Amino acid sequence: MDKSIVIIGSGPAGLICALSCCQSGIEPSDILIIERDSELGGTLNQCIHSGFGKSYLDEVVTGTELASMLSDAIRQLEIEYITDSTVLSVDKQKRIRVVSPKYGYCTIKAEAIVLAMGCREKTKGALQIGGTRPAGVFSAGAVQRIVNLKGYMPGKKTVVLGSGDLAMIVARRLALEGGSVACVCEPKEYAEGSDEHVTECLDNFEIPLYYSTTVTKILGKERIEAVEISKVDKRGKSIKGTEQKIKCDSFVYQCGLVPENEIIKETGIRLDTRTKGAYVNQYFETNVKGIFTCGNAVRIHDLVDFIVEEAQIVGASVKKYLEDKTAKPKSTVRIKNSDKILYSVPQHLDEYDEGIEDCVIYFRVNGKYDNLLITLKKDGEEIYSREKGKMSWLETGKILVTKELAEKIKGAKEIVICAQEKKNGNDTDNNS
Amino acid sequence: MAITSYDVVIIGAGISGAITAYNIAKYNIKAAVLEAGIDVASGSTRANSAIVHAGYDAKEGTLKAQLNVRGCALMEDLTKTLGVHYSKCGSLVIGFTENDLEHLELLKARGEANGVPDLEIIDEKRLHELEPRVSKNAKHALVAPSAGIVCPYDLAYALCENAATNGVKFYFEFKVSKIDYDGEYYTLCCGKKKVRAKYVVNAAGLFVDEIAGMVGEKLPFDIIPRRGEYMLLDKGEIGTASHTLFVTPSEKGKGILISPTVDGNVIVGPNANVVESKADTSVTEEGLEEIAEGAKIIVEDINLDATITTFAGVRATPTSGDFYIQESEKFKNFIHVAGIESPGLASAPAVGEYVLDILKSCGLPLLEKSGYISTRTKDGNCKQFYEMTEEERVNAISKDPRYAKVVCRCEMVTEGDVIDALRRPIPSKTVDMVKRRTRAGMGRCQGNYCRSRIAELIAEEFNIPLSEVKKFTSNSNILYGKTK
Ligand SMILES: Cc1cc2nc3c(=O)[nH]c(=O)nc-3n(C[C@H](O)[C@H](O)[C@H](O)COP(=O)(O)OP(=O)(O)OC[C@H]3O[C@@H](n4cnc5c(N)ncnc54)[C@H](O)[C@@H]3O)c2cc1C
Ligand SMILES: Cc1cc2nc3c(=O)[nH]c(=O)nc-3n(C[C@H](O)[C@H](O)[C@H](O)COP(=O)(O)OP(=O)(O)OC[C@H]3O[C@@H](n4cnc5c(N)ncnc54)[C@H](O)[C@@H]3O)c2cc1C
Numbered sequence: 001m002d003k004s005i006v007i008i009g010s011g012p013a014g015l016i017c018a019l020s021c022c023q024s025g026i027e028p029s030d031i032l033i034i035e036r037d038s039e040l041g042g043t044l045n046q047c048i049h050s051g052f053g054k055s056y057l058d059e060v061v062t063g064t065e066l067a068s069m070l071s072d073a074i075r076q077l078e079i080e081y082i083t084d085s086t087v088l089s090v091d092k093q094k095r096i097r098v099v100s101p102k103y104g105y106c107t108i109k110a111e112a113i114v115l116a117m118g119c120r121e122k123t124k125g126a127l128q129i130g131g132t133r134p135a136g137v138f139s140a141g142a143v144q145r146i147v148n149l150k151g152y153m154p155g156k157k158t159v160v161l162g163s164g165d166l167a168m169i170v171a172r173r174l175a176l177e178g179g180s181v182a183c184v185c186e187p188k189e190y191a192e193g194s195d196e197h198v199t200e201c202l203d204n205f206e207i208p209l210y211y212s213t214t215v216t217k218i219l220g221k222e223r224i225e226a227v228e229i230s231k232v233d234k235r236g237k238s239i240k241g242t243e244q245k246i247k248c249d250s251f252v253y254q255c256g257l258v259p260e261n262e263i264i265k266e267t268g269i270r271l272d273t274r275t276k277g278a279y280v281n282q283y284f285e286t287n288v289k290g291i292f293t294c295g296n297a298v299r300i301h302d303l304v305d306f307i308v309e310e311a312q313i314v315g316a317s318v319k320k321y322l323e324d325k326t327a328k329p330k331s332t333v334r335i336k337n338s339d340k341i342l343y344s345v346p347q348h349l350d351e352y353d354e355g356i357e358d359c360v361i362y363f364r365v366n367g368k369y370d371n372l373l374i375t376l377k378k379d380g381e382e383i384y385s386r387e388k389g390k391m392s393w394l395e396t397g398k399i400l401v402t403k404e405l406a407e408k409i410k411g412a413k414e415i416v417i418c419a420q421e422k423k424n425g426n427d428t429d430n431n432s
Numbered sequence: 001m002a003i004t005s006y007d008v009v010i011i012g013a014g015i016s017g018a019i020t021a022y023n024i025a026k027y028n029i030k031a032a033v034l035e036a037g038i039d040v041a042s043g044s045t046r047a048n049s050a051i052v053h054a055g056y057d058a059k060e061g062t063l064k065a066q067l068n069v070r071g072c073a074l075m076e077d078l079t080k081t082l083g084v085h086y087s088k089c090g091s092l093v094i095g096f097t098e099n100d101l102e103h104l105e106l107l108k109a110r111g112e113a114n115g116v117p118d119l120e121i122i123d124e125k126r127l128h129e130l131e132p133r134v135s136k137n138a139k140h141a142l143v144a145p146s147a148g149i150v151c152p153y154d155l156a157y158a159l160c161e162n163a164a165t166n167g168v169k170f171y172f173e174f175k176v177s178k179i180d181y182d183g184e185y186y187t188l189c190c191g192k193k194k195v196r197a198k199y200v201v202n203a204a205g206l207f208v209d210e211i212a213g214m215v216g217e218k219l220p221f222d223i224i225p226r227r228g229e230y231m232l233l234d235k236g237e238i239g240t241a242s243h244t245l246f247v248t249p250s251e252k253g254k255g256i257l258i259s260p261t262v263d264g265n266v267i268v269g270p271n272a273n274v275v276e277s278k279a280d281t282s283v284t285e286e287g288l289e290e291i292a293e294g295a296k297i298i299v300e301d302i303n304l305d306a307t308i309t310t311f312a313g314v315r316a317t318p319t320s321g322d323f324y325i326q327e328s329e330k331f332k333n334f335i336h337v338a339g340i341e342s343p344g345l346a347s348a349p350a351v352g353e354y355v356l357d358i359l360k361s362c363g364l365p366l367l368e369k370s371g372y373i374s375t376r377t378k379d380g381n382c383k384q385f386y387e388m389t390e391e392e393r394v395n396a397i398s399k400d401p402r403y404a405k406v407v408c409r410c411e412m413v414t415e416g417d418v419i420d421a422l423r424r425p426i427p428s429k430t431v432d433m434v435k436r437r438t439r440a441g442m443g444r445c446q447g448n449y450c451r452s453r454i455a456e457l458i459a460e461e462f463n464i465p466l467s468e469v470k471k472f473t474s475n476s477n478i479l480y481g482k483t484k
């Protein structure tokens with residue numbers, strides 16, 4: 001089977017990308033969306049809480065509402081999609097192997113591919129908690145699916161490890177569904193997720209949040225009976241003698257998300273070890289021409305808002321690519337990071353005949369800073385600077401590459417994004 | 001109620017009991033296996049290093065040395081016959097000092113005396129060519145090309161499935177707690193449940209001494225439970241080692257090993273700590289640290305952050321140091337397969353032959369069964385979707401469209417594979433049984449995605465409510481009731 005554009009994954013990234021392809025003039029019939037779940041919508045389907053769509057709809061709705069709005073739009077345009085269908089692999093020639101109830105085991109040849117597979121959760125193995133391996137231990141995402149999609153409870157009394165937004169939202173959901181949450185433990189000295197979530201999801205439900213605390217042991221033979229929690233020191237090691245046993249019948253942990261890029265292992269697509277997503281240029285195109293990527297497959301986003309932007313960029317880029325598949329960039333500018341920067345996306349800017357067009361560089365910092373100055377340097381020379389004030393790893397920072405800035409970047413082999421913490425007044429610390 | 005009589009009853013469905021059942025199933029013998037757990041491989045066979053040792057560790061002249069070398073030689077054919085994943089990846093014992101080199105020479109001489117083929121000591125250049133990630137401090141290695149890796153529980157399932165296909169009866173959750181003997185028949189009881197047999201094979205692993213005690217016998221050694229803990233790394237780390245890597249043993253013990261697994265993960269462990277309870281398979285923070293430290297001696301930059309799960313198994317270490325496989329000194333036709341610590345897995349094919357010989361010499365008539373089936377089921381060995389060729393995949397889907405629905409994303413297990421596991425000669429009844437048979441839930445997400453779908457498939461197959469589906473035992477329900 002042949003298809004011009006295949007989009008893998010139907011989360012907001014995949015769906016908005018399909019819609020924006022059409023907006024940019026691509027025929028709906030040239031697009032195929034492949035989704036392994038039985039419904040379109042991806043992670044949105046399990047998010048029955050409000051807080052989605054601000055930048056896309058100018059109103060805030062629940063995840064499920066956004067999913068059904070997007071799916072309706074896809075159906076209205078008659079864009080083809082297949083569900084319950086899993087992509088097994090993608091190769092350099094853009095052949096996609098799929099198993100699907102509709103087409104069986106088949107190969108689809110595409111001209112352009114969009115990787116929008118989202119992300120998966122890391123597992124308890126990464127936490128290395130001692131004790132037994134009874135029933136009743138779940139990841140936060142699994143609980144969200146079990147409760148919101150299947151209507152079952154993981155237990156009656158739960159201990160939660162991790163204070164990311166997902167963990168806090170899940171704790172609240174359990175409380176709302178009549179379960180009790182004994183406590184939320186956070187190994188760090190501060191909450192991983194937003195302060196609003198601490199108030200809305202924990203404080204308002206009188207769920208205690210213990211900082212500098214981790215779970216060191218799981219107890220129980222068949223079904224979990226209790227966990228042992230301990231205080232941790234600054235390096236994250238548990239402190240002997242601080243152990244405390246907390247009775248529970250279920251244990252939920254959140255230990256982070258990673259982009260889901262398993263199917264491109266053998267495609268020859270270069271992955272960034274920091275984001276765990278593909279290396280991309282400002283069009284979100286990977287090093288394999290004609291293969292694009294957006295959403296959580298590129299980097300973990302906290303909000304759909306930035307995914308919307310990326311998906312729209314990809315929609316337009318796909319159109320452009322299909323118009324001239326042989327266009328080659330004249331030069332490439334690598335984007336490097338100084339040490340307070342966690343990562344930045346895109347990882348490089350490609351310059352075509354028309355120069356570097358307006359685009360955005362997204363970045364995250366690796367800590368919580370009160371007064372941050374962001375600069376861009378080319379050969380040690382500052383070509384951009386912005387005061388960001390307060391900034392933490394929770395936020396995505398943006399650098400707008402305008403015509404003027406693009407002009408300055410031109411000709412560089414690499415540019416460096418630097419972050420400096422401004423202390424009282426104009427003193428900046430020494431680091432770049 | 002009439003008690004069912006058997007010619008032979010095997011206690012324990014670990015690898016030792018499984019291989020015995022497999023061998024007996026070839027003959028016209030009415031046999032049964034009694035297993036305390038809900039599944040095959042409920043003891044040491046479930047959690048171990050999965051290494052098919054070449055046979056240079058055991059002292060010359062011991063039963064262990066003899067059966068290890070022979071078992072290792074038989075393993076390839078056995079696994080081929082039953083479609084069990086096995087790889088003859090070879091092992092390296094790595095030396096860092098001149099002292100270590102002396103020890104390697106000793107191991108080589110011992111191995112040769114035991115009959116291990118093709119042993120060789122290599123220098124650091126060859127070593128680093130073979131294993132580029134190994135520490136630059138490593139200077140020599142003993143190579144044993146006949147060593148391999150196998151999936152221990154899959155081997156036990158395969159043996160038992162074949163036995164069941166050929167008429168051996170399996171009783172699960174049958175924990176033998178009392179044995180009576182009337183001079184001809186042994187009656188084995190689990191509460192009110194009873195079976196009887198003329199011949200009994202005691203292959204109860206850690207509990208062989210207790211079984212012996214039930215007929216009033218004291219084995220000439222004690223069984224010490226020694227726990228070994230492990231970390232299992234994501235498939236992305238497979239480049240860490242292509243052989244099984246050991247360090248040279250020292251007074252401190254055998255050290256930590258790093259090995260690929262047949263499924264493409266990397267296993268790191270085990271330590272060895274005496275535990276109070278034979279059932280204590282918990283992992284400890286200290287234990288995992290011990291393993292991490294040990295692993296870094298071999299591969300300094302090993303990526304332990306890629307750990308997807310941790311687990312532990314308990315060894316049945318006999319104080320005598322050797323396997324003990326013989327007819328009871330007091331009771332006729334009662335055979336002990338005891339003290340089967342490492343390399344009990346590697347030795348299993350030879351243990352099977354050895355036990356069969358003893359049964360024969362006790363007078364058990366061995367008449368070959370007509371219509372014997374050599375594979376797991378009468379339709380051959382099961383193949384999973386991820387193991388199939390493109391053509392087989394197309395065929396499987398056209399026969400059963402459920403093969404087109406992937407349940408476990410990490411390991412590419414389809415609903416068709418799960419249904420097959422629910423209907424094997426020894427059917428899966430719990431989420432963990434499905435997991436060990438199909439690998440659904442064994443990948444990098446550890447079942448967080450597929451566990452609830454698998455629970456649904458089990459509920460549908462056996463027509464029970466979802467909240468009644470178990471993880472493994474009767475009190476391990478996965479979910480509580482409905483939400484509000
Ligand atoms: C608990 C929680 C709360 C959140 N709260 C908010 C909020 O309040 N506001 C907000 O804006 N954002 C929120 N988010 C973030 C937002 O929902 C996600 O970031 C967003 O859904 C990610 O979109 P995506 O399209 O990249 O990935 P996904 O939505 O995960 O979609 C990826 C899709 O690809 C499919 N797929 C993957 N691999 C394959 C394959 N091989 N073959 C076929 N299909 C495949 C998957 O099944 C999935 O459907 C929240 C997220 C979570 C988890
Ligand atoms: C940490 C560790 C690492 C190891 N590494 C290796 C290795 O790399 N290579 C190797 O060759 N070997 C290795 N071994 C050894 C190997 O795992 C064992 O030798 C082998 O699995 C023993 O098998 P078994 O059948 O004798 O005992 P088990 O597997 O323990 O089986 C005994 C069975 O009997 C059942 N049972 C017990 N009591 C009763 C009762 N009263 N009634 C009914 N049933 C009962 C149990 O439930 C169990 O299923 C290792 C062992 C451990 C623990």
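As you go down the protein sequences, you meet chains A and B in turn.
Residues in the first sequence are numbered from 1 upward in steps of one, following this note's numbering.
Residues in the second sequence are numbered from 1 upward in steps of one, following this note's numbering.
The beta carbon of each residue, even a glycine, is placed where N, CA and C say it ideally should be.
Model, not experiment: these values are computed from the prediction.
* **For residue 432(A), three-class secondary structure by DSSP** => Numbered from its first residue, the first sequence carries residue 432(A) at position 432. Caution applies to residue 432(A), whose pLDDT of 38 falls short of 50 and renders its modelled position unreliable; the value that the coordinates give is listed next. Of the three classes helix, strand and coil, the one that applies to residue 432(A) here is coil, per DSSP.
* Asked: Between residue 270(B) and ligand 2, is the CB less than 6 Å from at least one heavy atom?
  -> Along the second sequence, one-based indexing puts residue 270(B) at 270. Indeed, a heavy atom of ligand 2 lies less than 6 Å from the Cβ.
* Just the chain A side, please: which residues come within less than 7 Å of residue 401(B) by C-beta, in chain order? => Along the second sequence, one-based indexing puts residue 401(B) at 401. Those within 7 Å of residue 401(B) in chain A are 101.
* How do the segment 303-316 of chain A and the segment 43-60 of chain A stand: do at least 3 beta-carbon pairs fall below 8 Å, yes or no? -> Yes: at least three Cβ pairs fall under 8 Å.
* **For residue 334(B) and residue 200(B), believed in contact at Cβ under 8 Å, the rounded distance** => If you number the second sequence from 1, residue 200(B) lands on position 200. If you number the second sequence from 1, residue 334(B) lands on position 334. With a Cβ gap of about 5 Å, residue 200(B) and residue 334(B) count as contacting.
* To do: Below 9 Å between beta carbons is the criterion; list the residues of the segment 13-28 of chain A that meet it against any residue of chain B, in chain order.
  => Those would be none; no residue qualifies.
* is_contact[residue 431(A), chain B] using C-beta, thresh 7 Å -> For the purposes of this step, residue 431(A) is taken as the residue at position 431 of the first sequence. With a pLDDT of 44 at residue 431(A), under the threshold of 50, the modelled position of this residue cannot be trusted; read the value that follows with caution. Output row for residue 431(A): interface = no.
* **Distance, residue 419(A) Cα to residue 402(A) Cα** => Taking the first sequence and counting its residues from 1, one reaches residue 402(A) at position 402. Taking the first sequence and counting its residues from 1, one reaches residue 419(A) at position 419. Straight through space, the alpha carbons of residue 419(A) and residue 402(A) are spaced by roughly 20 Å.
* Asked: If we ignore side chains and look at the alpha-carbon of each, how far apart do residue 424(B) and residue 101(B) end up?
  -> Looking up residue 424(B) in the second sequence gives position 424. Looking up residue 101(B) in the second sequence gives position 101. So the two alpha carbons sit approximately 49 Å from each other.
* Nearest to residue 275(A) by alpha carbon, out of 298(A), 269(A), 263(A)? -> As a first step, residue 275(A) is located in the first sequence; it is residue number 275 there, counting from the start. The shortest C-alpha separation from residue 275(A) is found at 298(A).
* Residues that residue 121(A) contacts on chain B, provided the C-beta gap is smaller than 7 Å -> Working through the first sequence from its first residue, we reach residue 121(A) at position 121. Within 7 Å Cβ-Cβ: 445, 448.
* To do: Return the chain-ordered list of same chain residues with a C-beta closer than 6 Å to the C-beta of residue 89(A), the five sequence neighbours on each side being excluded.
  => Translated into positions along the first sequence, residue 89(A) becomes position 89. 97, 263.
* Residue-chain proximity (residue 283(B), chain A), Cβ-Cβ < 7 Å -> On the second sequence, position 283 is the one that residue 283(B) refers to. Residue contact with chain A for residue 283(B): present (Cβ-Cβ distance below 7 Å to some residue of chain A).
* Test: residue 258(B) CB closer than 7 Å to a CB of chain A -> Taking the first residue of the second sequence as 1, we reach residue 258(B) at position 258. Not a single C-beta of chain A is nearer than 7 Å to the C-beta of residue 258(B).
* Residues of chain E with CB under 8 Å from residue 481(B), in chain order? -> Checking the listed chains, one finds no chain E in this structure; the protein chains it contains are A and B.
* Assigned exposure category for residue 351(A) - 16 Cβ within 10 Å defines buried -> Here the question's residue 351(A) lines up with position 351 in the first sequence. So residue 351(A) ends up on the buried side.
* To do: Select from 167(B), 44(B), 139(B), 145(B) the residue whose C-alpha is nearest the C-alpha of residue 298(B).
  => The residue you call residue 298(B) lines up with position 298 of the second sequence. Measuring C-alpha to C-alpha distances from residue 298(B) to each of 167(B), 44(B), 139(B), 145(B) identifies 139(B) as the nearest.
* Quick one: measure Cβ to Cβ for residue 414(A) and residue 314(A), integer angstroms, because I've assumed they're closer than 8 Å. => Counting from one through the first sequence, the residue named residue 414(A) turns up at place 414. Counting from one through the first sequence, the residue named residue 314(A) turns up at place 314. Contact doesn't hold; Cβ gap of about 24 Å is too wide.
* residue 427(A): buried (16+ other C-beta within 10 angstroms of its C-beta) or exposed? -> Here residue 427(A) is taken as the residue at index 427 of the first sequence, counted from 1. For residue 427(A), the predicted model reports a pLDDT of 49, less than 50, meaning its position is unreliable; a value from the coordinates is still stated below. By the neighbour-count criterion, in which a residue is buried when 16 or more other Cβ atoms sit within 10 angstroms of its Cβ, residue 427(A) is exposed.
* Anything in the segment 462-476 of chain B with a Cβ closer than 9 Å to a Cβ of chain A? List those residues in chain order, please. => Residues are counted here when their Cβ sits less than 9 Å from a Cβ of chain A; for the segment 462-476 of chain B these are 466, 467, 470, 471, 472, 473, 474, 475, 476, given in chain order.
* According to DSSP, is residue 11(A) helix, strand or coil? -> Here the question's residue 11(A) lines up with position 11 in the first sequence. Coil.
* Entirely within the segment 336-375 of chain A and at least 3 residues each: give me those beta strand (DSSP E) ranges in chain order. => Listed in chain order, the beta strand (DSSP E) elements of length 3 or more contained wholly in the segment 336-375 of chain A are 341-345, 348-351, 359-365.
* Asked: Hey, quick one: how far does the beta strand (DSSP E) through residue 419(A) stretch, first residue to last?
  -> Along the first sequence, read from residue 1 onward, the residue named residue 419(A) stands at position 419. The continuous beta strand (DSSP E) containing residue 419(A) extends over residues 414-421.
* **Rounded C-alpha distance that separates residue 432(A) from residue 193(A)** => As a position in the first sequence, residue 432(A) is number 432, starting the count at 1. As a position in the first sequence, residue 193(A) is number 193, starting the count at 1. Note on residue 432(A): pLDDT 38, under 50, position unreliable in the model; the coordinate value appears next. Cα to Cα, residue 432(A) sits roughly 28 Å from residue 193(A).
* **residue 84(A) - containing beta strand (DSSP E), residue span** => To locate residue 84(A), count along the first sequence from 1; it is residue 84. In this chain, residue 84(A) is not harboured by any beta strand (DSSP E), its DSSP state being neither H nor E.
* When every heavy atom of ligand 2 is checked, does at least one fall within less than 6 Å of the C-beta of residue 481(B)? -> Along the second sequence, one-based indexing puts residue 481(B) at 481. No - ligand 2 has no heavy atom lying nearer than 6 Å to the Cβ of residue 481(B).
* Whose CA, out of 214(B), 180(B), 105(B), 26(B), lies closest to the CA of residue 353(B)? -> Locating residue 353(B) in the second sequence gives position 353, counting from the first residue. Of 214(B), 180(B), 105(B), 26(B), the residue nearest in Cα terms is 26(B).
* Of all the residues that make up the segment 167-192 of chain A, which are near chain B by a beta-carbon distance shorter than 7 Å? -> If the cut-off is 7 Å between Cβ atoms, the segment 167-192 of chain A has 177, 178 near chain B.
* Does the Cβ of residue 343(B) lie closer than 6 Å to at least one heavy atom of ligand 2? -> For this step, residue 343(B) is matched to residue 343 along the second sequence. The answer is yes for residue 343(B).
* Does the beta carbon of residue 139(A) come closer than 7 Å to any beta carbon on chain B? -> Start at 1 with the first residue of the first sequence, and residue 139(A) comes out as number 139. Residue contact check for residue 139(A) against chain B: a CB pair falls below 7 Å.
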